[in-house]
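Trainee: Pasting a structure below so you can have a look.
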Amino acid sequence: MMISLPPGPRYLLHQIPHLTLPPLVALALLHVLSLKLSAPLPLYVRILALVLSWPLAFIFLVQWRAWANRWDAASRGAVMPREVEHKLPGSIDILMDMFENDKSLYFATNLFGNTEKYGNTFNFRVMFEDRIMPLVSRLVASRGRARDRAWDRRSKLEESKPIFTCEPEYIKTILATDFNSYEKGPLLNEQLHTLLGSGVFNSDGAFLPVCVSAIGRGRGDADSIRMREGDMWKFHRTMTRPFFSKDRITHFDIFDRHAEHALDKVATRLKEGVPVDWQDIVSRFTMDSATEFLFGKDVRSLDAPTPYPSSSPLSASANTDSTTNPNTKGDTTANVHPADRFVRSFQDGLEATAMRGRFLQSYPLFEFWGDRVERHLAEVHKFIDPIVGEALRRKAERQRAGEDIEKDVRDDETLLEHLVKFTDDGKMLKDETLNILLAGRDTTACTLTFSVFALAEHPAVLARLRKEVLDVVGPSRRPTYEDIREMKYMRAFINEVLRLYPPV
Numbered sequence: 001m002m003i004s005l006p007p008g009p010r011y012l013l014h015q016i017p018h019l020t021l022p023p024l025v026a027l028a029l030l031h032v033l034s035l036k037l038s039a040p041l042p043l044y045v046r047i048l049a050l051v052l053s054w055p056l057a058f059i060f061l062v063q064w065r066a067w068a069n070r071w072d073a074a075s076r077g078a079v080m081p082r083e084v085e086h087k088l089p090g091s092i093d094i095l096m097d098m099f100e101n102d103k104s105l106y107f108a109t110n111l112f113g114n115t116e117k118y119g120n121t122f123n124f125r126v127m128f129e130d131r132i133m134p135l136v137s138r139l140v141a142s143r144g145r146a147r148d149r150a151w152d153r154r155s156k157l158e159e160s161k162p163i164f165t166c167e168p169e170y171i172k173t174i175l176a177t178d179f180n181s182y183e184k185g186p187l188l189n190e191q192l193h194t195l196l197g198s199g200v201f202n203s204d205g206a207f208l209p210v211c212v213s214a215i216g217r218g219r220g221d222a223d224s225i226r227m228r229e230g231d232m233w234k235f236h237r238t239m240t241r242p243f244f245s246k247d248r249i250t251h252f253d254i255f256d257r258h259a260e261h262a263l264d265k266v267a268t269r270l271k272e273g274v275p276v277d278w279q280d281i282v283s284r285f286t287m288d289s290a291t292e293f294l295f296g297k298d299v300r301s302l303d304a305p306t307p308y309p310s311s312s313p314l315s316a317s318a319n320t321d322s323t324t325n326p327n328t329k330g331d332t333t334a335n336v337h338p339a340d341r342f343v344r345s346f347q348d349g350l351e352a353t354a355m356r357g358r359f360l361q362s363y364p365l366f367e368f369w370g371d372r373v374e375r376h377l378a379e380v381h382k383f384i385d386p387i388v389g390e391a392l393r394r395k396a397e398r399q400r401a402g403e404d405i406e407k408d409v410r411d412d413e414t415l416l417e418h419l420v421k422f423t424d425d426g427k428m429l430k431d432e433t434l435n436i437l438l439a440g441r442d443t444t445a446c447t448l449t450f451s452v453f454a455l456a457e458h459p460a461v462l463a464r465l466r467k468e469v470l471d472v473v474g475p476s477r478r479p480t481y482e483d484i485r486e487m488k489y490m491r492a493f494i495n496e497v498l499r500l501y502p503p504v
């Protein structure tokens, strides 16, 4: 049995060659100098040389990387993006501003300021690293034209870093016209792995290690196949795409039931004469809808007491009670309402994962003795593991009974029931469902939140949209797919909200 080291010691173990090389080089140079002088060097000189070997090597490495990036850009006929100004070494002041910004109500507002100052694309240099990709130089040089398709794979894998850009042509290239050239890369994959595993949103091609997974062939057997470059991502897409390409009336049943519950909560709160935290309501609505959609069992977060918004005078007393607010920080869930434990665990796992991106490759040093994301996700696994296990057990029983497992999507099946037809790997099933939960819950909640915000800002749009809904659906009937297709103004409104306030 292999011993699993905590993140910090494991990171330092991998850094041993980098840590020992500078003093070894210093000792070798001192030895050569001593031979040249035909006399031993003073002890203080040797100690000073060893002590200075690390900072000097670090300065050399930082300057070398900066020069290499500039040379790479120049070789492609491009220029480096503007660098965000900083006052302290390693851009510590920028990091501190980011941490302070996270405490405010609005996330990443500092990036908006940088965009206004430096343009749509800039180099966010933090911790002595250029936060740009080598491929950026190709984009800047080509001005959106496809060019220089072939580039060094080793550079692609080892030196790629995030880029901050809101340039429409670049985004179009990354997401559409040249999608296969842009990977998350090994560092981001490592940072997200605890949360997303090998799911579809954390699967790239070139850097994925060879892994073995048991894939059910629908005949009752489980053949082991090797996943190489891009195969894992393609496999996940193959599993999930048929499920989402078919319109099912059961999805409307799920949304209708939870929407009624959410609106009842809103009506109850408004009767008290206090405002409603709409973002909290829709986050609970999407969480319950998504978990029922995925697993056939929802977490019932709407059953928990509704927290008061921060603008309400009641929030100071009510929200200090951790039993009513799933967003309350803390290391324990002992006093949290049972329906909120899953939500808090999931949210804390997301936040801990996001923090890893701030520290780049050195993030394990800030989780030295334990994986913080794994600790936060304990309640999530507690909810999902039995459901996945039960789905695999039912599949095994059908196989023993000699039943054929059809891979066609049924109208009444959940995503988990669909995925279990393709694999017996419980870890893969959990990874995939968590990936879809993350994508479906936050994006829908964000869209609903900004939709209400936009309607509050534009009462004329609200009046016209309300008229269309009443004309097509009526005051109480549940909408159908045909109704959605007929309500063109509503679809145009949602598209405009997504354009102005994209959730991703």
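FYI, UniProt numbering numbers position 157 of the sequence shown as 157, with every residue one higher than the one before it. Ideal Cβ positions, reconstructed from N, Cα and C, are used throughout, including at glycine. No experiment lies behind these values; they were computed from the predicted model shown.
1. What residue does the beta strand (DSSP E) around residue 122 start on, and which one ends it?
2. Compare the Cα-Cα distances from residue 370 to each of 172, 194, 80 and report the closest residue.
3. Please name the residue, chosen from 76, 97, 79, that lies closest to residue 85 on a Cα-to-Cα basis.
4. Residue 90 and residue 365: beta carbons closer than 8 Å?
5. Can you give me the C-alpha to C-alpha distance between residue 153 and residue 59, rounded to a whole angstrom?
6. Considering only C-alpha positions, which residue in the set 392, 479, 277, 376 is nearest to residue 424?
7. Which ranges would you report for the alpha helix (DSSP H) in the stretch 40-110 if only whole runs of at least 4 residues count?
8. Would you say residue 454 and residue 504 are within 8 Å of each other, going by their C-beta atoms?
9. Grouping DSSP H, G and I as helix and E and B as strand, with all else coil, what is residue 473?
10. Under the three-state reduction of DSSP, which class applies to residue 126: helix, strand or coil?
11. Count the other CB atoms within 10 Å of the CB of residue 415; is the residue buried (16 or more) or exposed (fewer)?
12. May I ask which residues mark the beginning and end of the alpha helix (DSSP H) holding residue 446?
13. What is the DSSP secondary structure of residue 291, reduced to helix, strand or coil?
14. Can the beta-carbon of residue 469 be found less than 8 Å from the beta-carbon of residue 490?
15. Using 7 Å as the cut-off, classify the Cβ of residue 340 as near or not near the heavy atoms of the ligand GTP, replying yes or no.
16. Could you compute how far the alpha carbon of residue 80 sits from the alpha carbon of residue 191?
17. Short of 7 Å in beta carbon distance, which residues of its chain neighbour residue 40, apart from the five on each side in sequence? Order them along the chain.
18. State the CB to CB distance for the pair residue 252 and residue 478, rounded to an integer number of angstroms; the pair is presumed to be in contact (CB under 8 Å).
19. Would residue 166 and residue 240 qualify as a contact pair, given that the criterion is a beta-carbon distance under 8 Å?
20. Taking the beta carbon of residue 13 as the centre, do at least 16 other beta carbons fall within 10 Å, making it buried, or is it exposed?
21. Hey, out of 301, 308, 300, 263, whose CA is closest to residue 275's CA?
22. Is the beta carbon of residue 70 sitting closer than 8 Å to the one on residue 118?
23. Nearest to residue 298 by alpha carbon, out of 268, 56, 314, 343?
24. Can you tell me which of 183, 401, 78, 337 puts its alpha carbon nearest to the alpha carbon of residue 233?
25. Let's test the definition: count the other Cβ atoms within 10 Å of the Cβ of residue 4 and tell me whether it reaches 16, buried, or not, exposed.
26. Suppose the cutoff is 8 Å on Cβ atoms and the five residues either side in sequence are ignored; what does the same chain contact list for residue 45 look like?
27. What do you reckon, are the CB atoms on residue 302 and residue 267 nearer than 8 Å?
28. What is the C-beta distance between residue 22 and residue 64, in whole angstroms, given that I count them as a contact (C-beta under 8 Å)?
29. Buried or exposed for residue 24, going by 16 or more other Cβ atoms inside 10 Å?
30. Can you tell me the Cβ-Cβ gap for residue 494 and residue 451, rounded? I've got them flagged as a contact below 8 Å.
Mentor: A quick look at the data gives this:
1. Counted from its first residue, the sequence shown places residue 122 at position 122. Start and end: 121-123.
2. The residue you call residue 370 lines up with position 370 of the sequence shown. Among 172, 194, 80, the Cα nearest to that of residue 370 belongs to 194.
3. Within the sequence shown, numbered from 1, the residue matching residue 85 stands at position 85. Checked all of 76, 97, 79; the closest Cα to residue 85 is 97.
4. Numbered from 1 along the sequence shown, position 90 holds the residue referred to as residue 90. Numbered from 1 along the sequence shown, position 365 holds the residue referred to as residue 365. Not a contact, by the Cβ cut-off of 8 Å.
5. On the sequence shown, residue 153 is found 153 positions in, with the first residue counted as 1. On the sequence shown, residue 59 is found 59 positions in, with the first residue counted as 1. Any answer about residue 153 is weak, because its pLDDT of 35 lies below 50 and its placement is not dependable; what the coordinates show is given next. Cα-Cα distance, rounded: 27 Å.
6. In the sequence shown, counting from the first residue as 1, residue 424 sits at position 424. For the residues 392, 479, 277, 376, the minimum Cα distance to residue 424 belongs to 392.
7. Every alpha helix (DSSP H) stretch that sits fully inside the stretch 40-110 and reaches 4 residues is listed by chain position as 43-75, 92-102.
8. Locating residue 454 in the sequence shown gives position 454, where the first residue counts as 1. Locating residue 504 in the sequence shown gives position 504, where the first residue counts as 1. Residue 504 sits away from residue 454, with the two beta carbons spaced by 8 Å or more.
9. In the sequence shown, residue 473 corresponds to position 473, counting from 1. Three-state result, residue 473: coil.
10. As a working note, residue 126 is residue 126 in the sequence shown. Residue state, collapsed to three classes: strand.
11. Numbered from 1 along the sequence shown, position 415 holds the residue referred to as residue 415. Answer is buried; the Cβ neighbour count reaches 16.
12. In the sequence shown, residue 446 corresponds to position 446, counting from 1. Here the alpha helix (DSSP H) through residue 446 covers 426-457.
13. Locating residue 291 in the sequence shown gives position 291, where the first residue counts as 1. Residue state, collapsed to three classes: helix.
14. For this step, residue 469 is matched to residue 469 along the sequence shown. For this step, residue 490 is matched to residue 490 along the sequence shown. Contact flag set, yes.
15. This structure does not include the ligand GTP; it has no bound ligands of any sort.
16. Working through the sequence shown from its first residue, we reach residue 80 at position 80. Working through the sequence shown from its first residue, we reach residue 191 at position 191. Cα to Cα, the separation comes out at about 27 Å.
17. Stepping through the sequence shown from its first residue, residue 40 is reached at position 40. Counting only Cβ-Cβ distances below 7 Å, and skipping sequence neighbours, we find 34.
18. Looking up residue 252 in the sequence shown gives position 252. Looking up residue 478 in the sequence shown gives position 478. Correct: roughly 7 Å between the Cβ atoms.
19. In the sequence shown, residue 166 corresponds to position 166, counting from 1. In the sequence shown, residue 240 corresponds to position 240, counting from 1. Judged by their CB atoms, residue 166 and residue 240 are not nearer to each other than the 8 Å cut-off.
20. Position 13 of the sequence shown, counting from 1, holds the residue named residue 13. Counting Cβ neighbours within 10 Å, residue 13 comes out exposed, since fewer than 16 surround it.
21. The sequence position of residue 275 within the sequence shown is 275, counting from 1. Among 301, 308, 300, 263, the Cα nearest to that of residue 275 belongs to 308.
22. Here residue 70 refers to the residue found at position 70 of the sequence shown. Here residue 118 refers to the residue found at position 118 of the sequence shown. Contact flag unset, no.
23. Here the question's residue 298 lines up with position 298 in the sequence shown. Taking only the C-alpha atoms, the option nearest residue 298 is 343.
24. Within the sequence shown, residue 233 is the residue found at index 233, counting from 1. Out of 183, 401, 78, 337, 183 has the C-alpha closest to the C-alpha of residue 233.
25. Residue 4 sits at position 4 when you count from the first residue of the sequence shown. Per the 10 Å Cβ criterion, exposed.
26. As a position in the sequence shown, residue 45 is number 45, starting the count at 1. The residues are 30.
27. Numbered from its first residue, the sequence shown carries residue 302 at position 302. Numbered from its first residue, the sequence shown carries residue 267 at position 267. Contact: no.
28. Position 22 of the sequence shown holds residue 22. Position 64 of the sequence shown holds residue 64. Rounded to whole angstroms, the Cβ separation of residue 22 and residue 64 is 14 Å, and the two are not in contact under 8 Å.
29. Position 24 of the sequence shown, counted from the first residue, corresponds to residue 24. Per the 10 Å Cβ criterion, exposed.
30. In the sequence shown, the residue the question calls residue 494 occupies position 494. In the sequence shown, the residue the question calls residue 451 occupies position 451. With a Cβ gap of about 7 Å, residue 494 and residue 451 count as contacting.
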